[in-house]
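**Student:** Below is a structure I'd like to ask you about.
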Amino acid sequence: MGSKRRTKAPPGAAVVVILTIVLRNAAAIDRRPVYNIAHMVNSVAKLDEAMADGANSVEADVSFADNGTATRLFHGVPCDCFRACDIEEDVPRFLQYVRKTTSSRGAKYSDKLALLFLDLKVSNIEEKQKYRAGVDIGRKLLRDLWKRVPTWQAMNVLLSVPSVSDKEVLRGAVDTVSRLSPIMLDKIGFDISNNDKLDNIRSLYVDLGIQGHRWQGDGISNCLSYLRPPARIRDIIDDRDTEEVGRYIEKAYQWTVDLPKQMRRSLRRGVDGIITNKPQRLASIMEEGEFNATLRPANVADSPWTRFGGLSLFPRLLSDDMDILGDDDFPSYFMRFASRPATLPTWSFPPVECLLFPAKQATLLSHQMTAAVQKDVFRATFYGNFTKEDQIVITDLHPGSFRGLLQ
11 MGSKRRTKAP PGAAVVVILT IVLRNAAAID RRPVYNIAHM VNSVAKLDEA
61 MADGANSVEA DVSFADNGTA TRLFHGVPCD CFRACDIEED VPRFLQYVRK
111 TTSSRGAKYS DKLALLFLDL KVSNIEEKQK YRAGVDIGRK LLRDLWKRVP
161 TWQAMNVLLS VPSVSDKEVL RGAVDTVSRL SPIMLDKIGF DISNNDKLDN
211 IRSLYVDLGI QGHRWQGDGI SNCLSYLRPP ARIRDIIDDR DTEEVGRYIE
261 KAYQWTVDLP KQMRRSLRRG VDGIITNKPQ RLASIMEEGE FNATLRPANV
311 ADSPWTRFGG LSLFPRLLSD DMDILGDDDF PSYFMRFASR PATLPTWSFP
361 PVECLLFPAK QATLLSHQMT AAVQKDVFRA TFYGNFTKED QIVITDLHPG
411 SFRGLLQ
């Protein structure tokens with residue numbers, strides 16, 4: 011009776027296999043996880059749409075009643091260019107849908123949705139009601155999003171308030187979660203979304219006793235984000251990467267970024283997240299050879315509260331690196347024909363002289379403008395604090411788009 015010969019693997023084979031596995035895992039660990047955050051996801055339908063488009067995170071706008079009750083997801087006007095501003099959803103229904111689709115093994119988004127970014131619209135609330143607003147959102151998270159969900163499977167939530175003047179909202183949320191279910195404090199992070207001074211934001215966290223889970227972003231509406239100077243986002247990234255005492259940022263992000271070239275620049279700067287109206291575009295760019303060896307989409311196994319260990323491998327950009335945009339960056343993006351001329355609001359701010367290509371001249375009022383083009387009348391949407399010394403030079407004007415620089 012013959013016996014089967016067992017072929018003995020060479021001694022190095024097992025080592026090669028083990029090393030291959032280890033190196034693959036190390037490569038994944040060494041790539042910065044990037045949060046592709048779909049903007050203005052203010053309904054269940056918009057959540058499904060964002061996830062189908064490749065987002066791994068969603069940003070939703072939480073509106074409050076005057077008494078501090080979180081009532082609905084709603085942005086309202088003004089909002090980003092070419093977005094519907096009036097979509098809305100009840101807050102409990104939305105949170106319950108997120109729980110249903112993420113909190114059990116095999117659920118629709120259980121391995122896809124890594125972060126829920128809640129932009130708390132509390133500017134309309136009186137100071138005495140802000141703490142109550144934080145209490146209310148904390149209770150709704152515990153009841154509608156996390157109830158009966160194992161901690162390890164519960165959704166991570168970033169609570170974002172507009173300004174340091176809204177710190178009582180964060181205090182109310184932290185106190186509520188700490189009192190009712192302290193273990194869930196590990197599932198919440200914090201952000202100040204407006205462009206306050208970084209030192210003031212640092213002081214806010216000291217005052218609240220918050221020592222981690224801190225995101226910091228920089229940006230402006232997509233209508234103008236490609237013109238925003240990079241100085242502040244660079245300061246944010248420098249704070250995140252420093253080892254000096256006083257560092258307060260764990261994650262840096264940029265908003266609202268929709269143009270391909272601007273997305274690439276944000277990734278090169280080393281951001282941890284990008285808020286965008288075009289998550290499918292960002293997902294595609296991250297697959298490009300320039301990025302896929304050093305960056306990867308964040309997933310549910312990543313902690314959104316810990317600082318990534320490595321510095322950006324991309325060379326540091328110049329301090330005045332404004333995006334130089336080409337025709338391929340403007341798919342009829344920033345200007346479209348309107349059926350009737352827009353009515354410009356009246357502001358008390360000083361006017362801004364605007365030189366329009368080819369030789370037209372107009373005056374734009376400061377801050378927010380409306381957009382329309384009809385019968386050679388050019389009216390644009392601008393966001394931000396302009397002064398009378400500013401000039402916006404439109405270098406190229408087409409029926410479907412414009413290019414320009416704020417000088």
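Counting in our numbering, the sequence shown tops out at residue 417, every number present.
Idealized CB from N, CA, C, for every residue including glycine.
1) For asparagine 210, which of helix, strand or coil comes out of DSSP?
2) For serine 67, write down the residues that DSSP places opposite it in a beta bridge.
3) If you draw a straight line from the alpha carbon of leucine 234 to that of cysteine 95, how long is it in whole angstroms?
4) Check whether the segment 79-99 and the segment 179-188 touch, using three or more Cβ-Cβ pairs below 8 Å as the test.
5) Could you spell out where the beta strand (DSSP E) holding tyrosine 263 opens and where it closes?
6) Select from Ala80, Leu237, Asp76 the residue whose C-alpha is nearest the C-alpha of alanine 70.
7) Find the nearest neighbour of arginine 274 within the set Gly256, Ile259, Arg250, Gly299, judged by alpha-carbon distance.
8) Give the C-beta separation of tyrosine 45 and alanine 308 to the nearest angstrom, bearing in mind that I take them to be a contact with Cβ-Cβ under 8 Å.
9) Do you know whose CA, among Leu190, Glu297, Glu260, Ser231, lies nearest arginine 93's CA?
10) Can you give the beta carbon distance from valine 179 to leucine 130, rounded, assuming they're within the 8 Å contact cut?
11) Taking the DSSP output, what are the residues bridged to proline 307?
12) Does the segment 149-162 come close enough to the segment 105-114 that 3 or more CB-CB pairs lie under 8 Å?
13) Measure the alpha-carbon distance for asparagine 302 versus serine 294 and round it to whole angstroms.
14) Verify whether the separation of the beta carbon atoms of valine 68 and leucine 57 is less than 8 Å.
15) Give me the residue from Gln163, Ala60, Ala143 with the minimum Cα distance to leucine 169.
16) Rounded C-beta distance between phenylalanine 127 and isoleucine 247? I'm assuming under 8 Å.
17) What's the gap between the Cα of alanine 60 and the Cα of proline 160?
18) Under a three-way DSSP split, which group does serine 120 fall into?
19) Helix, strand or coil: how does DSSP classify glutamate 98 here?
20) In whole angstroms, what separates the C-alpha of arginine 181 from that of leucine 218?
21) Rounded to whole angstroms, how far is the Cβ of tryptophan 315 from the Cβ of glycine 229, which I believe are closer than 8 Å?
22) Suppose you measure from the CA of glutamate 297 to the CA of leucine 277; what does that come to, to the nearest Å?
23) Between Gly116, Val267, Asp282, Pro239, which lies nearest to isoleucine 259 when the distance is taken from Cα to Cα?
24) CB valine 145 to CB valine 171, shorter than 8 Å?
25) Under 8 Å, do aspartate 63 and proline 270 count as touching if we go by C-beta distance?
26) So tyrosine 263 packs on glycine 227, CB below 8 Å; how close in whole Å?
27) Should arginine 306 and glycine 256 be called a contact, given that it needs their Cβ atoms to be closer than 8 Å?
28) If phenylalanine 99 and valine 54 are in contact, beta carbons under 8 Å, what's the gap, nearest whole angstrom?
29) In angstroms with no decimal places, state the Cα-to-Cα distance between glutamine 139 and isoleucine 285.
30) Is glycine 78 buried or exposed, if buried means 16 or more other CB atoms sit within 10 Å of its CB?
31) I believe alanine 164 touches valine 310 by the beta-carbon criterion, under 8 Å. Please report the beta-carbon distance rounded to the nearest angstrom.
32) Which residues mark the beginning and the end of the alpha helix (DSSP H) in which glycine 182 is found?
33) State buried or exposed for leucine 214, treating a residue as buried only when at least 16 other CB atoms are found within 10 Å of its CB.
34) From proline 192 to glutamate 253, what distance separates their C-alpha atoms?
35) Could you give the first and the last residue of the continuous beta strand (DSSP E) run that contains glutamine 226?
**Tutor:** In terms of the structure at hand:
1) Position 200 of the sequence shown, counted from the first residue, corresponds to residue 210. DSSP places asparagine 210 in helix when its eight states are reduced to three.
2) The residue you call residue 67 lines up with position 57 of the sequence shown. For serine 67, which the question treats as bridged, DSSP gives the partners Ile47, Leu125.
3) Within the sequence shown, numbered from 1, the residue matching residue 234 stands at position 224. Within the sequence shown, numbered from 1, the residue matching residue 95 stands at position 85. Those two C-alpha atoms are separated by around 17 Å.
4) Remark: fewer than three beta-carbon pairs, one from each stretch, lie closer than 8 Å, so the segment 79-99 and the segment 179-188 are not flagged as touching.
5) Indexing the sequence shown from 1 puts residue 263 at position 253. Residue range 261-265 is occupied by the beta strand (DSSP E) that includes tyrosine 263.
6) Your numbering for residue 70 matches position 60 in the sequence shown. Closest option to alanine 70, Cα to Cα, is Ala80.
7) Numbered from its first residue, the sequence shown carries residue 274 at position 264. When only C-alpha atoms are compared, the closest one is Gly299.
8) By 1-based counting over the sequence shown, the position of residue 45 is 35. By 1-based counting over the sequence shown, the position of residue 308 is 298. Contact check for tyrosine 45 and alanine 308: beta-carbon distance about 5 Å, within the 8 Å limit, so the pair qualifies.
9) What you label residue 93 is simply residue 83 of the sequence shown in a count that begins at 1. Here the closest residue by C-alpha is Ser231.
10) Here the question's residue 179 lines up with position 169 in the sequence shown. Here the question's residue 130 lines up with position 120 in the sequence shown. About 6 Å separates the beta carbons of valine 179 and leucine 130, which is inside the 8 Å limit, making them a contact pair.
11) Position 297 of the sequence shown, counted from the start, is the residue given in the question as residue 307. The partner list for proline 307 (beta bridge, DSSP) reads Val44.
12) In short, these stretches touch, since the Cβ pair count reaches three.
13) In the sequence shown, the residue the question calls residue 302 occupies position 292. In the sequence shown, the residue the question calls residue 294 occupies position 284. Roughly 10 Å between the two C-alpha positions.
14) On the sequence shown, position 58 is the one that residue 68 refers to. On the sequence shown, position 47 is the one that residue 57 refers to. Yes, they are a contact pair.
15) Taking the first residue of the sequence shown as position 1, residue 169 is located at position 159. In this structure, Ala143 is the residue among Gln163, Ala60, Ala143 with its C-alpha nearest to the C-alpha of leucine 169.
16) Here residue 127 refers to the residue found at position 117 when the sequence shown is read from its first residue. Here residue 247 refers to the residue found at position 237 when the sequence shown is read from its first residue. Not quite, the Cβ-Cβ distance comes to about 19 Å (not below 8 Å), so this is no contact.
17) The residue given as residue 60 occupies position 50 in the sequence shown. The residue given as residue 160 occupies position 150 in the sequence shown. Each residue's Cα considered, the two are about 25 Å apart.
18) As a first step, residue 120 is located in the sequence shown; it is residue number 110 there, counting from the start. In the structure shown, serine 120 sits in coil (DSSP, three-state: anything other than H, G, I, E or B).
19) In the sequence shown, residue 98 corresponds to position 88, counting from 1. Three-state result, glutamate 98: strand.
20) Taking the first residue of the sequence shown as 1, we reach residue 181 at position 171. Taking the first residue of the sequence shown as 1, we reach residue 218 at position 208. About 7 Å.
21) For the purposes of this step, residue 315 is taken as residue 305 along the sequence shown, with counting starting at 1. For the purposes of this step, residue 229 is taken as residue 219 along the sequence shown, with counting starting at 1. 21 Å between Cβ atoms; not a contact.
22) Here residue 297 is taken as the residue at index 287 of the sequence shown, counted from 1. Here residue 277 is taken as the residue at index 267 of the sequence shown, counted from 1. Here the alpha carbon of glutamate 297 sits roughly 12 Å from the alpha carbon of leucine 277.
23) Taking the first residue of the sequence shown as position 1, residue 259 is located at position 249. Here the closest residue by C-alpha is Asp282.
24) As a first step, residue 145 must be located in the sequence shown, where it is residue number 135. As a first step, residue 171 must be located in the sequence shown, where it is residue number 161. Not a contact, by the Cβ cut-off of 8 Å.
25) In the sequence shown, the residue the question calls residue 63 occupies position 53. In the sequence shown, the residue the question calls residue 270 occupies position 260. No; because the gap between Cβ atoms is not below 8 Å, this pair is not in contact.
26) Taking the first residue of the sequence shown as position 1, residue 263 is located at position 253. Taking the first residue of the sequence shown as position 1, residue 227 is located at position 217. Contact flag correct, Cβ pair sits at about 4 Å.
27) To locate residue 306, count along the sequence shown from 1; it is residue 296. To locate residue 256, count along the sequence shown from 1; it is residue 246. Taking 8 Å as the Cβ cut-off, arginine 306 and glycine 256 do not qualify as a contacting pair.
28) Counting from one through the sequence shown, the residue named residue 99 turns up at place 89. Counting from one through the sequence shown, the residue named residue 54 turns up at place 44. First, the amino acid is wrong: residue 99 is glutamate here, not phenylalanine. Between valine 54 and glutamate 99 the Cβ distance is about 6 Å, and since that is below 8 Å, they are a contact.
29) The count along the sequence shown starts at 1 and reaches residue 139 at position 129. The count along the sequence shown starts at 1 and reaches residue 285 at position 275. Distance between the alpha carbons of glutamine 139 and isoleucine 285 is about 29 Å.
30) Start at 1 with the first residue of the sequence shown, and residue 78 comes out as number 68. Within a 10 Å sphere around the beta-carbon of glycine 78 sit 16 or more other beta-carbons, which makes this residue buried.
31) In the sequence shown, the residue the question calls residue 164 occupies position 154. In the sequence shown, the residue the question calls residue 310 occupies position 300. Rounded to whole angstroms, the Cβ separation of alanine 164 and valine 310 is 11 Å, and the two are not in contact under 8 Å.
32) By 1-based counting over the sequence shown, the position of residue 182 is 172. Segment 177-190, the alpha helix (DSSP H) holding glycine 182.
33) Counting from one through the sequence shown, the residue named residue 214 turns up at place 204. Under this definition leucine 214 is a buried residue.
34) Sequence index remark: in the sequence shown, residue 192 carries index 182 (1-based). Sequence index remark: in the sequence shown, residue 253 carries index 243 (1-based). Using only the alpha carbons, I get a separation of about 29 Å.
35) Counting from 1 along the sequence shown, the entry for residue 226 is found at position 216. First-last of the beta strand (DSSP E) with glutamine 226: 224-229.
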